[in-house]
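Reviewing the structure listed below.
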Amino acid sequence: KYFRNLVLNNGFYLPEYPLSNAVTPVRFKKPIAKIIFQKLKDDYGLIVNPVGGKYEDYMFRVAHIGNLTKEDYDKLMQRIIEIVNKIN
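To convert, note that position 11 of the sequence shown is 26 in my numbering; the numbers rise steadily by one, no gaps.
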């Protein structure tokens, strides 16, 4: 719930279908998901899960498996926001 609230409170979107407890899809209005995925990986060493198909440019998934903390989610969201601000 913590990460999903970060997503919504920062102007991004969640799909309208029922969500798994293990993964959160993060949706964007613009086709920027691949760019964000690549920059998170290359510039910050943070890995999210890309999706394929018709949403590949608009969404990626964040896993909630392992010893993750609120600080980890805060750091990820901060980086996502930084990237979005640079490409807009």
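Glycine is no exception: its CB is placed at the ideal position from the N, C-alpha and C atoms.
Original post:
Which term fits K84, buried or exposed, when burial requires 16 or more other beta carbons within 10 angstroms of its beta carbon?
Top reply: Position 69 of the sequence shown, counting from 1, holds the residue named residue 84. It should be noted that the sequence gives Thr, not Lys, for residue 84. Within a 10 Å sphere around the beta-carbon of T84 sit fewer than 16 other beta-carbons, which makes this residue exposed.
Original post:
Considering only C-alpha positions, which residue in the set R19, A37 and L21 is nearest to N82?
Top reply: In the sequence shown, the residue the question calls residue 82 occupies position 67. Measuring from the Cα of N82, the nearest candidate turns out to be A37.
**OP:** Using alpha carbons as the reference points, say which of N20, V66, R76 and K49 lies closest to S35.
**Re:** Your numbering for residue 35 matches position 20 in the sequence shown. Nearest of N20, V66, R76 and K49 to S35, Cα basis: R76.
Original post:
Just how far apart, CA to CA, sit P33 and H79?
Top reply: As a position in the sequence shown, residue 33 is number 18, starting the count at 1. As a position in the sequence shown, residue 79 is number 64, starting the count at 1. Approximately 16 Å, taken between the alpha carbons.
**OP:** Taking the CB atoms as reference points, tell me whether I96 and N25 lie closer together than 8 Å.
**Re:** Translated into the one-based positions of the sequence shown, residue 96 becomes position 81. Translated into the one-based positions of the sequence shown, residue 25 becomes position 10. The answer is yes: Cβ separation under 8 Å.
Original post:
Which partner residues does R76 have in the DSSP bridge list?
Top reply: Stepping through the sequence shown from its first residue, residue 76 is reached at position 61. DSSP lists P40 and N64 as partners of R76.
Original post:
Counting along the chain, where does the alpha helix (DSSP H) carrying L91 start and finish?
Top reply: Here residue 91 is taken as the residue at index 76 of the sequence shown, counted from 1. Residues K85 to I102.
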